[in-house]
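Enquirer: Have a look at this one.
2 protein chains.
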Amino acid sequence: MKDPAKAPAGRAPTLDEVARAAGVSRATASRAINGLPYVSSSARAAVEEAVRSLGYRTNQVARSLATKRTGSVALVVSESEKFVVSDPFFARVMRGISGGLGDSGLQLALLMAKEQYGEEGSLRSLREGHVDGVLLVSVHGGDTLAGQLLESGLPLVVGGRPLTRGDVPYVDADNFNGASMAARHLIDTGRRRVATIAGPRDMAVGIDRLSGWRRGMASSGLPTDAVEHGDFTMESGEAAMRRLLESHPDLDAVFVASDLMAVGAMRVIQASGRSIPGDVAVVGFDDSDIAEMASPPLTTIRQPIEELGRTMAWRLLAQLAGDPDLPPSILLPTEFVGRATT
Amino acid sequence: MKDPAKAPAGRAPTLDEVARAAGVSRATASRAINGLPYVSSSARAAVEEAVRSLGYRTNQVARSLATKRTGSVALVVSESEKFVVSDPFFARVMRGISGGLGDSGLQLALLMAKEQYGEEGSLRSLREGHVDGVLLVSVHGGDTLAGQLLESGLPLVVGGRPLTRGDVPYVDADNFNGASMAARHLIDTGRRRVATIAGPRDMAVGIDRLSGWRRGMASSGLPTDAVEHGDFTMESGEAAMRRLLESHPDLDAVFVASDLMAVGAMRVIQASGRSIPGDVAVVGFDDSDIAEMASPPLTTIRQPIEELGRTMAWRLLAQLAGDPDLPPSILLPTEFVGRATT
DNA sequence: CTGAAAGCGCTTACAG
DNA sequence: CTGAAAGCGCTTACAG
């Protein structure tokens with residue numbers, strides 16, 4: 000017994016075959032499948048039945064060619080050395096993005112912007128790839144790429160505040176208020192000589208966490224002169240802490256702009272014979288895995304990384320849908336997480 | 000002064016325009032661009048010049064429709080809970096894959112196989128997505144998905160040995176020999192009562208590292224009865240170590256199947272009043288970031304994670320190119336990294 | 001070595 | 001509400 004409704008093996012059924020099976024034109028079949036109005040319910044039912052029995056799936060490539068939309072967005076990440084450090088960050092953002100794209104039907108195309116090709120090369124391949132929009136995770140720099148993308152007219156959302164391009168839509172954690180909370184918590188628990196190990200001066204996340212700490216200190220009129228910078232590696236945290244202990248041996252607390260640097264700082268503090276939190280209290284930032292693993296477990300400020308990714312996806316989706324009232328950029332709340340170092 | 004060779008703004012130049020500018024037919028322009036033979040050098044030069052001056056880039060969507068190849072491969076990762084643990088692993092594999100794809104021109108489409116849709120849903124969207132091949136990172140299970148993909152005829156390379164499907168091409172680290180090296184190193188440095196904390200019994204990586212350890216021990220005729228299992232979390236490493244110390248208080252070394260579990264084990268060892276490596280030597284596996292951060296820094300077995308990704312990409316590329324003599328699967332060497340716990 | 005033409009599988013004005 | 005037809009931008013036998 001043959002079943003003439005079955006698709007011929009080896010080749011995917013086409014819209015044409017669906018239309019024939021349903022006894023309608025290709026145009027009507029297309030409308031029914033895409034849920035457009037002006038299709039009689041009987042035609043719609045026939046098409047749905049044909050789709051089911053043939054196992055039809057629309058060929059996205061053909062659709063893209065006709066509609067000039069690809070149904071995919073690019074996730075661009077820079078492949079710079081520094082990035083390796085924040086691998087877990089990246090993975091979590093991506094999970095969030097993937098979740099946020101959810102049932103939108105959009106594919107996520109990954110693009111590692113290779114430094115050897117330069118940003119122009121990345122831009123080119125984005126246009127070649129014909130994506131509908133771009134999600135750019137900008138850890139370090141990437142500002143010029145963001146600017147070019149914006150000017151090219153491609154819908155764009157950046158993760159992390161771009162340093163120089165205030166006009167690019169972005170989503171970021173509220174680093175300023177998080178750092179301010181950290182300072183206030185230290186003050187509230189009786190600390191009076193509070194230092195900070197900040198991130199790089201040329202990264203928004205470094206700048207924002209430093210100015211947030213300043214704001215928190217200023218609200219109590221405490222001095223903000225004990226500042227050293229690191230580059231978010233553990234080693235740089237150790238080195239910065241050594242400098243701080245030398246210049247400010249009387250410090251009784253330190254806010255460190257990342258958990259990883261904080262772990263380095265804690266080692267130096269302990270090696271100097273000081274106890275944590277007895278002699279020196281420590282607050283980190285990120286609430287990464289190592290915060291809990293540190294000994295003692297590290298008090299820190301949590302940034303909602305998955306949520307950051309989800310929000311980036313949401314923002315891009317909304318823009319693609321033509322949503323008129325979109326906030327240019329979005330700040331996600333950070334949260335105090337008390338553990339044993341304060 | 001107008002430049003008639005420039006593309007009209009707003010719309011990308013087409014092959015048609017290139018052909019016209021070069022004074023050849025579309026067919027010839029296409030051949031020249033794709034580097035096919037049978038194009039006169041004068042025609043080739045004219046086309047190249049036209050491409051340059053117009054800034055032409057081939058429309059991949061149109062090409063895909065014509066050739067029935069998409070120029071993209073899917074990276075499928077399962078989004079299960081357990082996966083979160085190995086985030087850094089995942090990010091590094093992906094970097095390797097991206098690097099391995101290199102200049103192949105293939106796009107990497109990311110697909111998080113959501114558990115809620117089940118594997119059938121994932122499979123469907125892969126076929127819909129019309130990718131040329133699939134890279135599957137199989138951390139836990141995923142064997143049935145791998146099997147279905149294989150049967151669907153889509154070129155496939157799995158990262159990590161599938162547990163039940165011996166017929167699927169995969170790339171993995173040489174966990175067996177790595178674990179064997181670990182055991183031998185402990186024996187060579189004078190340890191005689193060597194325990195192990197193995198991974199889950201239902202993961203290939205758990206099984207392979209356990210049997211490798213057994214092999215290493217057997218070569219010296221030492222007993223292999225001190226075995227406990229964890230699930231690769233730090234907590235499970237702690238719990239397993241507690242059980243080991245209870246059942247084998249005389250142990251003088253332990254091989255732990257992951258660095259993260261090893262850090263947990265070290266805490267328990269130290270809390271029991273034993274010194275590392277004085278009383279108990281410890282060897283981990285992975286050479287992840289925390290291996291260096293542990294105190295004392297952890298001796299471990301390095302697995303080449305980026306290389307794993309690169310090799311997966313290479314294997315898939317070779318298969319797509321129709322390379323006839325491909326090894327069904329590939330094992331990447333692991334490497335001993337001596338630090339302070341042995 | 002080259003060109004005219006058909007075809008890849010859809011969508012979408014347009015005219016009914 | 002529906003269908004015939006043009007078009008999206010390429011590739012590739014086929015015939016010269």
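Quick note, the sequences are listed as chains A and B, same order.
Just so you know, we're using numbering that gives the first Met the number 0 here: the first sequence kicks off at 0 and counts up by one.
Just so you know, we're using numbering that gives the first Met the number 0 here: the second sequence kicks off at 0 and counts up by one.
For glycine and all other residues, C-beta sits at the position ideal for the given N, C-alpha and C.
1) Along chain B, in chain order, which residues have C-beta atoms closer than 8 angstroms to that of A:L315?
2) Compute the Euclidean distance between the alpha carbons of B:R214 and B:F335, then round it to the nearest angstrom.
3) Tell me whether A:K5 sits in a helix, a strand or coil according to DSSP, three-state version.
4) Looking at chain A, is there any beta carbon in it that lies within less than 9 angstroms of the beta carbon of B:M311?
5) Which residues bound the alpha helix (DSSP H) around A:R301?
6) Quick test of your reading: A:R164 and A:G177, contact by CB under 8 angstroms. State the CB separation rounded to the nearest angstrom.
7) Roughly how many angstroms lie between the CA atoms of A:Y134 and B:T69, to the nearest whole one?
8) Taking the alpha helix (DSSP H) that B:R210 belongs to, which residues open and close that run?
9) Return no unless some Cβ of chain B is closer than 9 angstroms to the Cβ of A:F89.
10) If you draw a straight line from the alpha carbon of A:R242 to that of A:S235, how long is it in whole angstroms?
11) Pair every Cβ in the region 264–273 of chain A with every Cβ in the region 53–60 of chain A, then say whether three or more of these pairs are closer than 8 angstroms.
12) What's the C-alpha gap between A:V157 and A:S151?
13) I think A:S210 touches A:F175, with their Cβ atoms under 8 angstroms apart; what is that distance to the nearest whole Å?
14) Please compile the residues from chain B whose C-beta is within a distance smaller than 8 angstroms of the C-beta of A:M292.
15) Given 8 angstroms as the limit, is there contact between the region 306–325 of chain A and the region 96–107 of chain A, that is, 3 or more CB pairs closer than that?
16) Among A:S179, A:G220 and A:G308, which has the Cα closest to the Cα of A:V282?
17) Can you tell me the Cα-Cα spacing of A:T299 and A:S271, whole angstroms?
18) Is there at least one Cβ from chain A nearer than 9 angstroms to B:Q106's Cβ?
19) In chain A, which residues lie with their C-beta within 7 angstroms of the C-beta of B:A61?
20) Buried or exposed for A:R91, going by 16 or more other Cβ atoms inside 10 Å?
21) How about A:Q302 and A:A172: do their beta carbons lie closer than 9 angstroms?
22) Label A:G159 either buried or exposed according to how many other C-beta atoms from any shown protein chain fall within 10 Å of its C-beta, with 16 as the threshold for buried.
23) Going by alpha carbons, who is nearest to B:V279 out of B:W212, B:L316, B:D131 and B:A261?
24) Throw me the rounded Cβ distance for the B:A31 and B:E16 pair, which I believe falls under 8 angstroms.
25) Considering B:G158, what are the terminal residues of the beta strand (DSSP E) in which it resides?
26) Examine chain B for any beta-carbon lying closer than 9 angstroms to the beta-carbon of A:S97, and answer yes or no.
27) In its own chain, which residues sit with a C-beta less than 8 angstroms from the C-beta of B:E291, not counting the 5 before and 5 after it?
28) Where DSSP assigns a beta bridge to A:H228, which residues make up the other side?
Expert: In short:
1) Indexing the first sequence from 1 puts residue 315 of chain A at position 316. The premise fails here: A:L315 is roughly 15 angstroms from chain B at the closest Cβ pair, so nothing lies under 8 angstroms.
2) Stepping through the second sequence from its first residue, residue 214 of chain B is reached at position 215. Stepping through the second sequence from its first residue, residue 335 of chain B is reached at position 336. In this structure, the straight-line span from the alpha carbon of B:R214 to that of B:F335 is close to 16 angstroms.
3) As a working mapping, residue 5 of chain A is identified with position 6 in the first sequence. Per-residue confidence for A:K5 stands at a pLDDT of 38, beneath the threshold of 50, marking its modelled position as unreliable; no derived number is given.
4) If you number the second sequence from 1, residue 311 of chain B lands on position 312. Output row for B:M311: interface = no.
5) Taking the first residue of the first sequence as position 1, residue 301 of chain A is located at position 302. In this chain, A:R301 is not harboured by any alpha helix (DSSP H); it is covered by the beta strand (DSSP E) spanning T299 to R301.
6) Mapped onto the first sequence, residue 164 of chain A falls at position 165. Mapped onto the first sequence, residue 177 of chain A falls at position 178. Incorrect: roughly 23 angstroms between the Cβ atoms, too far for contact.
7) On the first sequence, residue 134 of chain A is found 135 positions in, with the first residue counted as 1. On the second sequence, residue 69 of chain B is found 70 positions in, with the first residue counted as 1. Reading off the sequence, residue 134 of chain A comes out as Leu, not Tyr. Taking the Cα positions, A:L134 is about 22 angstroms away from B:T69.
8) By one-based count along the second sequence, residue 210 of chain B stands at place 211. The sequence given here has Ser at residue 210 of chain B, not Arg. Residue range A203 to A217 is occupied by the alpha helix (DSSP H) that includes B:S210.
9) One-based indexing of the first sequence puts residue 89 of chain A at position 90. A:F89 has a beta carbon lying within less than 9 angstroms of a beta carbon in chain B.
10) Looking up residue 242 of chain A in the first sequence gives position 243. Looking up residue 235 of chain A in the first sequence gives position 236. So the two alpha carbons sit approximately 11 angstroms from each other.
11) Flag = no, the region 264–273 of chain A and the region 53–60 of chain A do not touch.
12) As a first step, residue 157 of chain A must be located in the first sequence, where it is residue number 158. As a first step, residue 151 of chain A must be located in the first sequence, where it is residue number 152. Rounded to the nearest angstrom, the two C-alpha atoms are 15 angstroms apart.
13) Position 211 of the first sequence, counted from the first residue, corresponds to residue 210 of chain A. Position 176 of the first sequence, counted from the first residue, corresponds to residue 175 of chain A. Right, their Cβ atoms sit about 6 angstroms apart.
14) In the first sequence, the residue the question calls residue 292 of chain A occupies position 293. Neighbours of A:M292 on chain B, chain order: M233, V262 and I289.
15) In short, these stretches touch, since the Cβ pair count reaches three.
16) Locating residue 282 of chain A in the first sequence gives position 283, counting from the first residue. If we check each option's Cα against that of A:V282, A:S179 comes out closest.
17) Along the first sequence, read from residue 1 onward, the residue named residue 299 of chain A stands at position 300. Along the first sequence, read from residue 1 onward, the residue named residue 271 of chain A stands at position 272. Taking the straight line joining both Cα atoms gives about 22 angstroms.
18) Sequence index remark: in the second sequence, residue 106 of chain B carries index 107 (1-based). B:Q106 counts as touching chain A.
19) Along the second sequence, one-based indexing puts residue 61 of chain B at 62. Within chain A, the residues near B:A61 are L64.
20) Taking the first residue of the first sequence as position 1, residue 91 of chain A is located at position 92. Buried.
21) The residue given as residue 302 of chain A occupies position 303 in the first sequence. The residue given as residue 172 of chain A occupies position 173 in the first sequence. Yes, the Cβ-Cβ distance between A:Q302 and A:A172 is below 9 angstroms.
22) Taking the first sequence and counting its residues from 1, one reaches residue 159 of chain A at position 160. Buried: at least 16 other Cβ atoms inside 10 Å.
23) For this step, residue 279 of chain B is matched to residue 280 along the second sequence. With respect to the C-alpha of B:V279, the residue from B:W212, B:L316, B:D131 and B:A261 having the closest C-alpha is B:A261.
24) Here residue 31 of chain B is taken as the residue at index 32 of the second sequence, counted from 1. Here residue 16 of chain B is taken as the residue at index 17 of the second sequence, counted from 1. 14 angstroms between Cβ atoms; not a contact.
25) Here residue 158 of chain B is taken as the residue at index 159 of the second sequence, counted from 1. Note, B:G158: beta strand (DSSP E), L155 to G158.
26) As a working note, residue 97 of chain A is residue 98 in the first sequence. By this cut-off, A:S97 is an interface position.
27) Indexing the second sequence from 1 puts residue 291 of chain B at position 292. Taken in chain order, the residues that qualify are L297 and R338.
28) In the first sequence, residue 228 of chain A corresponds to position 229, counting from 1. Looking at the DSSP output, A:H228 shares a beta bridge with A:A197.
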